[in-house]
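Below is one structure; the comments refer to it alone.
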Amino acid sequence: MAVSKRLAFLIALGIPLVLLTHWKTGALFWLLVCLLVWLFDVIAAPSPRHLAITRSLPHTLRQRAETPYTVSVKNPTKRKYHAQIRDAWPPSLQALPRQQRATLDAQSTTTLQASFTPQRKGTLHSDAVTVRSYGPLGLGARQFSAPIVQQVQVLPEFRSAKYLPSRLKTLRRLEGNSLVMQRGQGSEFDSLREYVPGDDVRDIEWHSSARLRTPVVKTWRPERDRNVIICLDSSRSAAVRLEKYPRLDASMEAALLLGALAGSAGDRVHLIAFDNQIRFHIQPDRGAGLITEMAQALADLQVSLTEANWSGLSHTLLSGLRQRSLVVILTGLEGGAERSGLMPMIEALSSRHHVLVANSLDPELERLALLPSKWNLNDAKQSLGRFNPRDAFLAAAAMAELNEHEEAGNLLPLLGGHILNATPENLPPNLADAYISLKRRGQI
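Residue 85 in the UniProt record's numbering sits at position 85 of the sequence shown, and the numbers go up by one each step.
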């Protein structure tokens, strides 16, 4: 049973009666009357247990994207219901509206519209659907909670999908532009064409030239079926907040964009998530379900506040890869990365594979490092007013972290690796451009 605001208004109407009579007698009499009327109203309300409630949910949701769904309430009785329905979900799903009033006609089905705007990814479970059936006066209601337990999976937002059409266009243009394609480790023979001045004489196909009685040269295109290994660090480094979101979000955006691009180029895409252990390893799939499979795996991936096990990742890569591959490591280089095991792993991998470390930078570091530049050291009085010890400590910490990034970036090429530094917003498109550049040069 439940009460409504109307009961409070009814009780308030008795205030003049209490003031005109003996206050104790009048108050008790009026409260008793209100209680009896409320009890009669509750008894007269139809039972909500007779209602049949079902949800119609989408299979998956996108993080921070509005998705509609419906709640259907079937009234099999011959009575009319004045009901209030509340569908309970975790707050991060932002299921709105939280409560809805509906008039349920006899022997009919009413469909209520609602929507999700999830703010967190993962698999989320529903609670019960609670129905209040109000009496004729609307003073009280019968309440029943239907235990309809369902789940929805919230996939990563994939904001970087907006960059995919332009990069696919560039990739298709690259594959078709065989006249200027350079031969490299990642290129394969495509076709023959007539020799033009400026072509490399080493590309002349002499047997075909003799048969056709005109010089022809070989053309090359980016080799397909190459391995692209995306290694996503979900250790405590991924918990660092960059602008509005943690580093893990930026890494997932970059992984999804690169996976979609490499899969469209005909390469075999692996996705490995790791912290102190391998969380999952998605095997190559170039079908239409590649991005869906990656997104579903990333949906339930959470940051682990542990150290990354670089030696374990190195063993997995070295033992599982026979063909020369592109290994992309999405991580952060702060906190003494050169001493954490990352650098020895890169040194071991670079002799057999092309290793690229994608480092997502905090754009706030540059601003904090420049805080002392606002101080006027030539004017002592003015400088004293602007000097803030907190700014000095923030600037020192920011400069120390920038120095760590610079040291790691200088060390990586010496070990045979390559580095890509970018802000969270620029990391996905810059990584896609780096992949296209490697394909253009025939290095993968």
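Cβ atoms here follow ideal geometry from the backbone N, Cα and C, with glycine treated the same way. For clarity, every value in this text was computed on a predicted model and none was experimentally measured.
From the options, residue whose alpha carbon lies closest to that of residue i
i	options	result
Val71	Thr110, Ile43 and Lys78	Thr110
Ile436	Pro58, Leu171 and Ala12	Leu171
residue 463	Leu212, Leu104, Leu57 and Tyr81	Look at the range of the chain in this structure, 1 to 444, and you will see that residue 463 is not part of it.
Asn309	Leu232, Leu242 and Leu61	Leu232
Met294	Asn276, Leu257 and Gln277	Leu257
Gly289	Ala260, Asp300 and Lys169	Ala260
Ala265	Ile278, Leu168 and Leu361	Leu168
Glu334	Leu402, Glu364 and Leu298	Leu402
Lys244	Arg193, Asp41, Ile43 and Glu364	Glu364
Arg279	Asp267, Thr292, Val149 and Thr306	Thr306
Ala348	Leu370, Leu361 and Ser319	Ser319
Arg120	Arg132, Ala128, Pro136 and Ser92	Ser92
Ile272	Asp249, Gly263, Ala297 and Ala262	Ala297
Pro97	Tyr69, Gln143 and Ile282	Tyr69
Asn276	Ile291, Gln283, Ser311 and Ala299	Ser311
Phe40	Pro136, Ser47, Glu407 and Ser208	Pro136
Pro424	Ala397, Leu361, Glu205 and Glu404	Leu361
Glu194	Gln143, Trp206, His207 and Pro215	Pro215
Ala239	Ala210, Val201, Gln283 and Ser304	Ser304
Met399	Asn410, Gly409, Glu366 and Leu412	Glu366
Ala114	Arg55, Leu412, His59 and Leu414	Arg55
Residue i vs residue j beta-carbon contact at 8 Å
i	j	result
Ser314	Met343	no
Leu125	Gln153	The amino acid at residue 125 is misidentified as Leu; the sequence shows His. No.
Pro428	Ser160	yes
Gln63	Glu157	yes
Ala141	Ala2	yes
Ser325	Arg226	yes
Val327	His353	yes
Ala358	Ala254	yes
Ile229	Leu317	yes
Leu104	Tyr134	no
Ser145	Thr130	yes
Ser351	Gly442	no
Gly122	Ser4	no
Ile85	Leu112	yes
Lys78	Ala102	no
Lys74	Ala52	yes
Arg247	Gly341	no
Ala395	Ala369	yes
Thr117	Gln99	no
Ser237	Leu330	no
Ala422	Leu356	no
Leu61	Leu155	yes
Limits of the unbroken beta strand (DSSP E) element including residue i
i	result
Ser115	Ser108 to Phe116
Asn359	His354 to Ser360
Lys74	Thr67 to Asn75
Arg79	Where Arg79 is concerned, there is no enclosing beta strand (DSSP E), given that its DSSP letter is neither H nor E.
Gln302	Gln302 -> no beta strand (DSSP E), and no H or E assigned at all.
Ala102	Gln99 to Leu104
Arg132	Val129 to Tyr134
Arg268	Arg268 to Phe274
Leu137	Counting along the chain, Leu137 falls outside any beta strand (DSSP E), and DSSP gives it neither H nor E.
Arg367	No beta strand (DSSP E) contains Arg367, which is instead part of the alpha helix (DSSP H) from Glu364 to Ala369.
Val228	Asn227 to Asp233
Those residues which DSSP pairs with residue i across a bridge
i	result
Gly122	Val154
Thr60	Gln153
Thr214	In DSSP, Thr214 forms no bridge with anything.
Gln323	None, per the DSSP bridge assignment.
Ile11	Answer is none; Ile11 lacks a bridge partner.
residue 450	Because the chain is modelled from 1 through 444, residue 450 falls outside the range shown and cannot be assessed.
Arg55	Val71
Leu164	Answer is none; Leu164 lacks a bridge partner.
residue 447	Since the first and last residues shown for the chain are 1 and 444, residue 447 lies out of range.
Gln84	Arg101 and Arg132
Glu194	Val216
Ile204	Val217
Arg241	Pro246
Thr331	Asn359
Leu96	Ser115
Extent of the continuous alpha helix (DSSP H) run through residue i
i	result
Val37	Trp23 to Ala44
Ser264	Arg247 to Ser264
Ala141	Premise fails: Ala141 lies in the beta strand (DSSP E), Gly140 to Ala146, not in any alpha helix (DSSP H).
Thr316	Trp310 to Gly320
Ile346	Leu342 to Ser350
Original post:
Which ranges does the beta strand (DSSP E) cover as unbroken runs of at least 3 residues, wholly within the segment 382-434, from first to last along the chain?
Top reply: 418-422
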